[in-house]
Amino acid sequence: MPQDTKRINGPEISTSYHVHCEANDRPSFEERLKQAIDGKNKRKDGRSFTESRKYFFKVGLVSTAKGSAYIELGNTKAIVSVFDPREIPKQSKYCALGELYCDFKFSPFASLLRKTPQSDTRGRSLAAALASALNPAVCRQLFPNLQIDVFANVLEDDGSALAAVITAAGLALADACIPMFDIVTATTAAILGDRILVDPTAEEESLCIDGFTEGNHGIVMLAKLPTLDQVPEIRQSGSVDVETLWRACTQLNAASIELVPIVQHVLVSEVKSRLEEIDVESDDDDDEEEGDDEPAEVKSEKPDEDTSEDR
Numbered sequence: 001m002p003q004d005t006k007r008i009n010g011p012e013i014s015t016s017y018h019v020h021c022e023a024n025d026r027p028s029f030e031e032r033l034k035q036a037i038d039g040k041n042k043r044k045d046g047r048s049f050t051e052s053r054k055y056f057f058k059v060g061l062v063s064t065a066k067g068s069a070y071i072e073l074g075n076t077k078a079i080v081s082v083f084d085p086r087e088i089p090k091q092s093k094y095c096a097l098g099e100l101y102c103d104f105k106f107s108p109f110a111s112l113l114r115k116t117p118q119s120d121t122r123g124r125s126l127a128a129a130l131a132s133a134l135n136p137a138v139c140r141q142l143f144p145n146l147q148i149d150v151f152a153n154v155l156e157d158d159g160s161a162l163a164a165v166i167t168a169a170g171l172a173l174a175d176a177c178i179p180m181f182d183i184v185t186a187t188t189a190a191i192l193g194d195r196i197l198v199d200p201t202a203e204e205e206s207l208c209i210d211g212f213t214e215g216n217h218g219i220v221m222l223a224k225l226p227t228l229d230q231v232p233e234i235r236q237s238g239s240v241d242v243e244t245l246w247r248a249c250t251q252l253n254a255a256s257i258e259l260v261p262i263v264q265h266v267l268v269s270e271v272k273s274r275l276e277e278i279d280v281e282s283d284d285d286d287d288e289e290e291g292d293d294e295p296a297e298v299k300s301e302k303p304d305e306d307t308s309e310d311r
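The opening position of the sequence shown corresponds to residue 1 in UniProt numbering, with each subsequent residue numbered one higher.
Rendered as structure tokens:
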């Protein structure tokens, strides 16, 4: 793969020096679990098991893109850009349905473990999951033989990164005026034994992925089309029985529906602000046209009176 010669290439794998300090030795699984979840079934940040973190959305940040969206989910931050449809490269046959090309990357500083700027195996896997979640929501029959580029970049990864990117990608597609059947929302749950933690942090995800328990452990992500009441994508990792997986999907379905009014409010607010800008521009144009139509004042100059006396 060609390298970017203008980039200062650091080591492919590096960790923060805090990890190697004696004071920061990795505690045992029991100590980490006790720090993450107290005896009152409350998490470290005070949330209950079914409570999500606060959301923040902003659309239209990338000026060079057709549409873009920025999302903050707690300390997880990501930005998604959508570009105009273009011809599918190296396509020899006619394709009746358009395609979505999704690129998923982590910034090198997104976590304590440095990420490579190039796409890796995890990035390609998450990009495929992103495309699977977005394809059923887009009216691909309206742009045959064309593809839409969707680029996602995670600026800070503190858990539930894929769900945050899917939700932001749905907003970015709507901001780009791409025809869609429905908006897309997504949420994540971490499963540890009989506990189901909705919207887990990176620490909680690490506890569930390590799997130092004999019972259920893993991560489940669910994407939702709320109006159509369809689930375009479910992504599960770890070892989870069917009953626990069903309970997790039920909670994720409810959490995704609760997210819909927030996304709708963001889109409606953006449309109103754009309409106000258009009204202001049209008023300015009308004022300029009225100024051009007014006839110019013609000043009649009278000849100077001859004050000289004939002698």
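Glycine included, C-beta positions come from ideal geometry on N, C-alpha and C.
None of these values were measured; they are calculated from a predicted model.
For residue i, which residues of its own chain have a beta-carbon under 6 Å away from its beta-carbon, when the five flanking residues on both sides are left out?
i, result
"residue 170", "183, 184"
"residue 267", "174"
Tell me which same chain residues have a C-beta within less than 8 Å of the C-beta of residue i, skipping the five on either side of it?
i, result
"residue 236", "218, 219, 220, 221, 245"
"residue 194", "215, 216, 244"
"residue 238", "191, 208, 209, 211, 216, 217, 218, 219"
"residue 142", "98, 179"
"residue 119", "103, 104, 105, 127"
"residue 260", "183, 185, 226"
Look at residue i and residue j and say whether their C-beta atoms are less than 8 Å apart.
i, j, result
"residue 159", "residue 108", "no"
"residue 157", "residue 129", "no"
"residue 167", "residue 71", "yes"
"residue 233", "residue 132", "yes"
"residue 53", "residue 74", "yes"
"residue 155", "residue 77", "yes"
"residue 95", "residue 150", "no"
"residue 358", "residue 85", "Nothing in the structure corresponds to residue 358, since the chain is present only between 1 and 311."
"residue 69", "residue 163", "no"
Reducing DSSP to helix, strand and coil, say where residue i ends up.
i, result
"residue 80", "strand"
"residue 141", "helix"
"residue 113", "coil"
"residue 209", "helix"
"residue 225", "strand"
"residue 314", "Since the first and last residues shown for the chain are 1 and 311, residue 314 lies out of range."
"residue 32", "helix"
"residue 280", "helix"
Grab me the residues of residue i's own chain with a C-beta within less than 7 Å of its C-beta, minus the 5 sequence neighbours each way, in chain order.
i, result
"residue 176", "66, 67, 82"
"residue 251", "50, 189, 196, 198"
"residue 153", "78, 79, 105, 107"
"residue 139", "179, 180, 181"
Can you name the residues that DSSP bridges to residue i?
i, result
"residue 189", "198, 220"
"residue 238", "218"
"residue 146", "87"
"residue 262", "Paired residue(s): none; residue 262 is not in a bridge."
"residue 94", "Its beta-bridge partners do not exist; DSSP assigns none."
"residue 58", "70"
"residue 104", "152"
"residue 230", "225"
What residue range does the beta strand (DSSP E) around residue i cover?
i, result
"residue 73", "67-73"
"residue 171", "That residue, residue 171, is in no beta strand (DSSP E); its alpha helix (DSSP H) goes 161-175."
Between which two residues does the alpha helix (DSSP H) holding residue i run?
i, result
"residue 123", "121-134"
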